[in-house]
Amino acid sequence: MDFIIPILFLLASIIGIVSRKFSYIMIILTSIYFIFVCFNFNILSSYFILISSLVWIVVGLYSLSYGNDYGKWLHILISIDVFGMALILLSTNYLWLITGWEIMSISSYLIIGINKMINRPAFVFMVFSEFSTVSIIISAILTFSISGSFAIESPVSPVIYLLVSLGAFLKMGMFPFMIAEWLPIAHGSAPANASGIFSATMTLMGVFLIYKMTLFLRYNVYLQYIGLFFLITGVITLFFGSIYAYISENTKMLAGFSTIENQGAILMAFGLYLISSNLLIKDFILIVIIIYSFAHSLGKTGLFLAIGTSGTEEFATLKQKNGKIYNLGLFLITLSLSGLFPTIGGLATWMLLESFFMQAYLGGYIGAVAIIAGSILAISEGMSSGAMFKIISFFSSKDNGNAHHKRLESVVIFSLGLSLILIFIISTLIVHSPFVGGNPSLFIPNGFSIISKLNSNIFGILTPFYITGLILIITLVVYVSFGNPAGRNVRVWNSGIPINEKYTSFAYSNNIRLMLKRILQKGINESEQEQYLVPDIFWNKMNRFAISLRKYSRSFSRHFMNSSILWYMIYMIISFLAIIVLAINI
Amino acid sequence: MSNQWFIKGVKKEILTERFPQFPPEKPPLRPSLLKGSTNFKCPVGALNENKWNPEKCIFCDKCSMEMHFTGDQKLFKINRKMNVFKRSLYIYIIDSGTCGACNAELLNIFSPQYDANRYGIFLTNTPRNADVLVLMGVESEGMKSVLEETYESMPEPKCIVKMGTCAISGAGIDSKISFLESDALIFGCPPSPYTILEALIELKGDKP
Amino acid sequence: MKYYKFNVRDGYYIGETGKFSIYEKGMIRRDEPLERLQIIPKINDKNHFNFQYGPATGGLIEPLDFKIITNGETIKGIIVNPYVKSRTMRCLNKTIDECLLLVERINGYHSASHSIAFLSSVEDALNIDIAEGTYYGRIVILELERIRSHLFVLKRMCEPAGFGVPMYQLSYINEIISRIISDISGHRYFFSTNKLNRVDVDFGLLSSHIQTLIKIKREFENIFNGLLESKIFINRLQENGIIRDDPLIGPAARAAGFKRDARSNISILPYKELNFEPIIFNEGDSFGRFYIRGLEISQSFDLCINGLERAKHNEYNYNNNFSGEGAARLESPSGDLFYYVNIDHGLIKDIQMSSPSYLNLKTFMKSAINTIFTDFHFNFESFGIWVSEVGVEFI
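Residue numbers (my numbering), protein chains in the order written: chain Y, 8 to 593; chain R, 2 to 209; chain H, 82 to 476.
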C-alpha cells in the first residue's frame, strides 16, 4: 500500500500544533498530490479518491478563512479525520480498513464533543459508530475464516455483504439510524467545515465500502432479497429525509437531512443493482452511483460551507448580508442539489431515474417494484427542490458588496458552484462506453452524448455540452435582442397601508407540516413553544437505548469485572484456551 | 340532497325586474328629486339662491311644507362618460366614514330584483382589477392615505365615483372627501339601488 | 332617570361610552382611557408573523385594520384598530331635532334603534308620557328593522361558503322588506321617521301588507330550514369561534345560554304585553349565533303583526325649554344599545352612547384565537358588527 499520502496527512496534523494556516495548506497540497497519483490505483478507488480530494481541497481553502474562529483542536482533529479516510481509501485489507474507520470515527466524535461541550449528542454518536466498527470487525473475521486472508478483494458471501453494509449504513445515516449520527451534526454540534467533511466524505466512505463489496459479490440466490431490503430501506430513508429537510427550521438540520435523503437514493441504486438481471442496467447503475456521489459530495460541501459563512443556524435569525458572488455560488449549488440542469446534480438525478425507468420497462414484478420505487424517488426529488428553494430564497439578499473578511469564503463557494457546471460539461469523460455516443448527423460528435441502454437500442440520450451551450446561447440571444426588460415600479398593495411584514421560513414549509400532521406529531420543547420536530421523538428513543446500554454495560462490568485479580486471571486463561482451540480447528 | 339548492333556485323562476328599461316598481319617496318653493331655512344649507342643491341635501323632509318629493330616482350627475367600460365594469368600494347605509345600498344592486351583473357590473376585491373606485362617507383621518394608496394601485383607465351626500359635501356631519375630481356623483342619503344602478349604467356608456 | 342609576354596578356589562362604563341597570364613571383592542400571544415565537387584513379589502364591508398574528394558518393573536373610520358628531348645544338628524346617521342600518333609544332617553329626561300607539308603533318598526338586519347577517354568512342560491334568495327577501319599509315611512332606512312621542309611519298601509309579511315569513322559514339541512354549510359554522364567557350581549349571549335581551329586562317598550320571551340556545359558536338569528326573524314577524293592531300615528308637540337627565337602553339587532342625555333648556348639554359593536368586536377577537383564517369570515359576520357605531365622538 502506498503509505506516503496518509503520512503526509498525519504530518499536517503535527504541523497543526504549531500553525493553523500551514496545517490547512498541507491538507490542500496533499490532496492535490493525491489527485495526481490516484489514477495509478484501480479505477474504482480512483474516482472516490478524486471526489474526496476535491472536497478536502475546497474545505481546506475555505478553512483558511473560516478556521480563524476556532481553537487548535479543530485543524488537528480534521487532519486526523482526513488521515483516517485516506487510510480507508487506500486500504487493501481489513486490518487497515478497520484502523482507518476507527480513527475517522474517534476524531469525528472528538470534533463534535469538543465544539459545544455537550456530551449527549457526541456520546450517542460514539455508541452507534462503534456498532459500525464492530460489524466490520465481524465481517473481517468471517472473511478470514472463509478465504484465509484479510484482503478485502476476496469473493464476498451474502452474510459478509450484509454485515459490511450494516456498518456502512450507520455511517450513511440510513433509517432508522438517521437520528443517531446526523442529528448531532444537524444541531450544530460541529463547525461548518467539519460538517462539510462529515457529510460529504464520511458518507462517501460508506458508499465506497458497499461499492467495493458489490464488485466482489459471488452470485447467490439470496441476493434478490438483500437487494429488496436495500431498496426498501433506501426508499424509507429517502422519503422521510426529504420531508424532514423541507420542514426543518435549522439550516444545518436541513442540510443534514438532505444528506440522508441522497444516501437513501444511492442505497436504492445499490438495491436495484442487486435485483436487476439485465447486465447493461447493472453497468449503468454502477456509473450512476459514482456520478451521484460526485454531485452529492461537492454540492453538500458547498451547502455546509455556505451555511457556515452566513453565520447562523436558524432561519429565523438569518441576517442577509452576503454579496453577489456568494449568492451566485449558492444558487448554483442549490441548483445542483435540486437535480436541475446544467449542473452535475441534474445529470445524476436523470441517470438514476433512467435506471428505474429502464427496469420498469422490462416489466415483471421487478418492474413493478421499480415503478413504485421510482415514483417515490421522484416525489422526494421534488421535496428536495422545495428545501433547496427555501435555502436560496431566505439566504440571498440584495447586493451589499462583499464583506471584506469573508471574501475568500465567498470565492470558494462560487468556484465550487461553477465547478458543478464545468464537471457537468465534461461528464462524458467519467461515463465510459457503451454509454457514450454521438449522432454526427445532428452535429453531435461522437463522445458528447450520454446514452442509456438496456439492449442494443438506445433508450435515452442526453448531451451535456449542448444543454449548457443552448441555455447560454438562448439567454444571450434574448438579452441581446430585447435588452434589459423595462419594468414599471408599482407599490405593493397591502390593503392600503405600507408593508412592513416579513414572510417567515416557518410559514414557507407550513403547508407540508399541516398536511402530514398525522405522521409528524407535535412536541413541546422546554420553552413551551410548539415544535414540529418529530426527529426528536426518534432521538429520544435512541438516546434512551444508548443510556440503557450504558447502564447494562456498567452493571455487566461491575458484576464480571469486579477488579478482582482472580477473576481476571480466569478470564485470561479462558480466552487463551478459546483462541488455541479455534486456531487448531482452523 | 346535494342539488336541493339548484332545484330550489330554479323553482323560483326569474325575479329580476325590468328596470331601467321600464320605470322603477317601488321607488322610495326619500331620496328622490325635490320640487317646490325654496323658501326654507335648510339645516344643511341645501336651499339657497332659489335653487335646490342636491349635493348638500340629506333628504330629511324638514322642508315638507315648501318642497315635495317627486319619487323621480334620477339623482346623479355624470361628468365624464367612460365608454371604454361598456362591456364590463369592475367596482372597488372604499368606505371612508359612512353610517353603513350607503354600503348596504351598494351591495343591494346585486339582489335579484336589480341584478347589476346582467349589465356587466361586478364587484372586485382588489384595486388592481378595478375600473372604478366608489367613494362613500365623510373624510376621516385614518382613511386618507388608504384612499391615495388605493387610487395609485388602480391601473389605467380608471375613474372615480362619489356616492352619497357624505362623500360629496359632508352631509353636515364632517368634511367631504377632498380627493381628486370625480367622474360621477350619485346624490342621496342613501341613494336607492335604482339610482345607483342607473348611474353606473350611464357611466359605462351603456344603454338601459 | 327612571331606568338607570349612577355609580352602581348592577347587572351585566353592556359597554363603554366616552365617559362611563355601562351595566344593565347602572353607569359608572370611567377615568382611564379605553384599552387597545388586541390579543397578543404570550409566547413570543420567532416563527410568528403579522398578516395584514384590511382596512381596504374586499371581504369586509367597512374598514377595520386587522393585524392577525399567525404562524402559517392558525390565528394566534389579533390586533384591531376600529377607529380607522371615525367621525365626530356635533351634537352638543344643538336642539333635539338637530341632534336627531345626526343620531340616525350614526348607524344607518340600525337607524330606527338608535333614534328610538335616543328619543327614549330624551323622553326619560323630559318626563314625557308616551302614548300607547307610539309604543306599539316603535315596536313594529324595531322588529321590522330587526328582521332586515338579521336577514343581512344570514346572507353575509352564506357568502363565504359559496352558497349562491340561498344568499340571493335572502337578498330578495331583504329587498322586499326594504320596500315595505320605504312604502310605509317614505325612506328605506326609517330616516326622519321617529320623533318625540311620535312615529311617522302609515300603519294602515302596513296592515294591508300583512299577507305579504306572512308569505315572506313562510318563504324565509323554507330557506332557513334548507340551510339547516345543508351539512356542508353547517359544518363550517359549528365549533367555529366558540365563546361562552362574559361579557356577552345580544344574539351572541343568547346563543351561549345567557338570558339577556333588553326587550325583556327593561320596560321601556311593552314587549311583555305581546308575550315576548327571549330565545335561548346553548352552543356559543357561529352556528348558535346563526340559529338564534333565524329563530328571532320568525319571532319578529309575529311581534310585528301582533303589535300592528295597537300601533297608531300620534301627533305631539312639546315645549322647547325643558331640562333634565335621562338614560335608556334598547335591543338593537346586534345587542344592547344605550343612550344618555343631559338637556339644558332644550339644548343638549351632554350625550353618551354605548353601542353593541364595541363589545361584539372584543368578543369576536377572543373567539377567533386558535381558529384558522378560512373560518374568519363566518365568525366575523355572525356577530353583526357595524364599525360605524364604534368610532363616534360627540362634540
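We treat Cβ as the ideally placed atom computed from N, Cα and C, and that holds for glycine.
Cβ-based burial, residue i [other Cβ within 10 Å; buried from 16]
i	result
Ser202 of chain H	buried
Arg551 of chain Y	exposed
Glu256 of chain Y	buried
Ala385 of chain Y	exposed
Thr455 of chain H	exposed
Asp326 of chain H	exposed
Thr176 of chain H	exposed
Asp210 of chain H	exposed
Pro505 of chain Y	exposed
Lys509 of chain Y	exposed
Asp417 of chain H	buried
Ala585 of chain Y	exposed
Pro144 of chain H	buried
Tyr575 of chain Y	exposed
Pro191 of chain R	buried
Assigned secondary structure, residue i (DSSP; H/G/I helix, E/B strand, else coil)
i	result
Trp53 of chain R	strand
Lys397 of chain Y	helix
Ile159 of chain H	strand
Leu411 of chain H	strand
Pro328 of chain H	coil
Gly46 of chain R	coil
Pro359 of chain H	coil
Ile43 of chain H	The structure shown does not extend to residue 43 of chain H, since chain H is modelled only from 82 through 476, so no value can be given for it.
Glu113 of chain H	coil
Ser86 of chain Y	helix
Gly408 of chain Y	In this prediction, Gly408 of chain Y has a pLDDT of 48, which is less than 50 and means its spatial position is unreliable; nothing more can be read from the coordinates.
Gln78 of chain H	Absent from the model: residue 78 of chain H. The displayed extent of chain H is 82 to 476, so no value can be given.
8 Å Cβ cut-off: residues of chain Y touching residue i
i	result
Gln133 of chain H	Asn501, Ser502, Ile504, Ile506, Glu508
Amino acids of chain R, ordered along the chain, whose beta-carbon sits closer than 9 Å to that of residue i
i	result
Leu183 of chain H	Gly173, Ile174
Residue i: first and last residue of the uninterrupted alpha helix (DSSP H) it sits in
i	result
Lys13 of chain R	5 to 13
Val66 of chain Y	50 to 73
Val471 of chain H	First-last for Val471 of chain H: undefined, no H or E at that position.
Pro198 of chain Y	Pro198 of chain Y -> no alpha helix (DSSP H), and no H or E assigned at all.
N-terminal and C-terminal residue of the beta strand (DSSP E) that residue i is part of
i	result
Cys160 of chain R	160 to 164
Lys78 of chain R	77 to 79
Leu318 of chain H	Where Leu318 of chain H is concerned, there is no enclosing beta strand (DSSP E), although the alpha helix (DSSP H) it sits in stretches over 312 to 318.
Phe123 of chain R	122 to 124
Leu483 of chain Y	Not the beta strand (DSSP E): Leu483 of chain Y falls in the alpha helix (DSSP H), residues 471 to 489.
Gln433 of chain H	428 to 435
Glu97 of chain H	94 to 97
Lys205 of chain R	Per DSSP, Lys205 of chain R belongs to no beta strand (DSSP E) and is neither H nor E.
Thr151 of chain H	146 to 151
Asn100 of chain Y	That residue, Asn100 of chain Y, is in no beta strand (DSSP E); it is neither H nor E in DSSP.
Val422 of chain H	416 to 425
Neighbour list for residue i in chain Y, Cβ cutoff strictly below 9 Å
i	result
Gly153 of chain H	Thr511, Phe513, Ala514, Tyr515, Ser516, Asn517, Asn518, Arg520, Leu521
Asn451 of chain H	Here the premise fails: no neighbours, minimum Cβ distance about 12 Å.
Thr138 of chain H	Ser502, Gly503
Chain-ordered chain Y contacts of residue i [CB-CB under 7 Å]
i	result
Thr127 of chain R	Trp500
Neighbouring residues, chain R, relative to residue i (Cβ below 8 Å)
i	result
Lys148 of chain H	The premise fails here: Lys148 of chain H is roughly 14 Å from chain R at the closest Cβ pair, so nothing lies under 8 Å.
Within chain H, partners of residue i - CB distance below 7 Å
i	result
Ala323 of chain Y	Lys127, Asn128
Ser193 of chain R	Arg269
Partner residues on chain H for residue i, Cβ-Cβ distance less than 8 Å
i	result
Cys64 of chain R	Under the 8 Å cutoff, chain H gives no residues; its nearest Cβ is about 11 Å from Cys64 of chain R.
**OP:** May I ask you to list, following chain order, the residues of the segment 141 to 158 of chain R that have a beta carbon less than 7 Å from some beta carbon of chain Y?
**Re:** Val147, Glu150, Thr151, Glu153, Ser154
Original post:
Which of the residues in the segment 92 to 104 of chain R, read from start to end, lie with their CB under 7 Å from any CB of chain H?
Top reply: Ile95, Asp96, Ser97, Gly98, Thr99, Cys100, Gly101, Ala102, Asn104
**OP:** For the segment 17 to 45 of chain R, enumerate the residues whose C-beta is nearer than 7 Å to any C-beta of chain H, in chain order.
**Re:** Lys27, Pro29, Leu30, Arg31, Pro44
**OP:** Anything in the segment 273 to 307 of chain H with a Cβ closer than 7 Å to a Cβ of chain R? List those residues in chain order, please.
**Re:** Ser273, Gly307
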